[in-house]
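Residue numbers (this note's numbering): 1 to 197.
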């Protein structure tokens, strides 16, 4: 995430340690990238800061979730979505990927086809939202609902994620970092000049 967004914004990091009371005062967007996790991981990592993140969102803060970070917007976790659920793409009818492993998915992103790094990312079912990108079967891959932006594939992926021989031809040469920055600017911050987050 830092590689994809650091040239466009000032970034503050927080971990499982409690942040200061004023930590989120100058923050516009909280970002949760992908990674391994479930409800236990969610609570373990965020327990000290969960009330602060929720208060930030209630004050009108914005949220970007990628893969596991997108799942965390669901009702079981942050509960940020209105009538929309995050579901495993690999379990959806017509999904072109049927098991959980690192690969690339065919994605239609704002009218152009790409192959994007995928590892058991979500699709989004029900409710009203703007669809920015779709998987090969037409299911939503990237959406915006109010102040929440969610992406199933890993646009923040690095070259070392493509080390396996079958993946090497699909390395995006950081072009997906540009798409991610545009997604944030256009749909979450509504500005080409991205402020602090």
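C-beta atoms are modelled at their ideal positions from N, C-alpha and C, and glycine is treated no differently.
Taking the alpha carbon of residue i as the reference point, which residue from the options has its own alpha carbon closest?
| i | options | result |
| --- | --- | --- |
| residue 123 | 107, 163, 161 and 186 | 107 |
| residue 2 | 17, 16, 32 and 22 | 32 |
| residue 4 | 158, 16, 133 and 115 | 158 |
| residue 117 | 27, 164 and 16 | 164 |
| residue 168 | 187, 99 and 115 | 115 |
| residue 119 | 131, 101, 42 and 113 | 101 |
| residue 143 | 67, 93 and 99 | 67 |
| residue 53 | 88, 135 and 16 | 16 |
| residue 94 | 111, 139, 76 and 121 | 139 |
| residue 113 | 141, 148 and 184 | 141 |
| residue 49 | 19, 58, 42 and 41 | 19 |
| residue 147 | 130, 188, 131 and 91 | 188 |
| residue 87 | 190, 121, 185 and 58 | 121 |
| residue 186 | 153, 152 and 130 | 130 |
Would residue i pass as a contact of residue j if the rule is Cβ separation under 8 Å?
| i | j | result |
| --- | --- | --- |
| residue 181 | residue 29 | no |
| residue 81 | residue 74 | yes |
| residue 155 | residue 179 | yes |
| residue 96 | residue 137 | yes |
| residue 133 | residue 109 | yes |
Buried or exposed for residue i, going by 16 or more other Cβ atoms inside 10 Å?
| i | result |
| --- | --- |
| residue 145 | buried |
| residue 62 | buried |
| residue 177 | buried |
| residue 34 | buried |
| residue 125 | exposed |
| residue 104 | buried |
| residue 60 | exposed |
| residue 71 | buried |
| residue 69 | buried |
| residue 174 | exposed |
| residue 44 | exposed |
| residue 111 | exposed |
| residue 76 | exposed |
If residue i and residue j are in contact, beta carbons under 8 Å, what's the gap, nearest whole angstrom?
| i | j | result |
| --- | --- | --- |
| residue 27 | residue 47 | Incorrect: roughly 19 Å between the Cβ atoms, too far for contact. |
| residue 127 | residue 79 | In fact, because the Cβ distance is near 13 Å, the residues do not count as touching under 8 Å. |
| residue 135 | residue 166 | Residue 135 to residue 166, Cβ: 19 Å. No contact. |
| residue 56 | residue 24 | 4 Å |
Whole beta strand (DSSP E) elements within the stretch 13-82, 3-residue minimum = With a minimum length of 3 residues, the continuous beta strand (DSSP E) runs that stay inside the stretch 13-82 are 29-32 and 62-66.
Taking only runs of the beta strand (DSSP E) that begin and end inside the stretch 68-155, which ones reach a length of at least 3 residues, in chain order?
-> 85-88, 103-109, 112-118, 122-125, 130-135, 140-145 and 148-151, all fully within the stretch 68-155.
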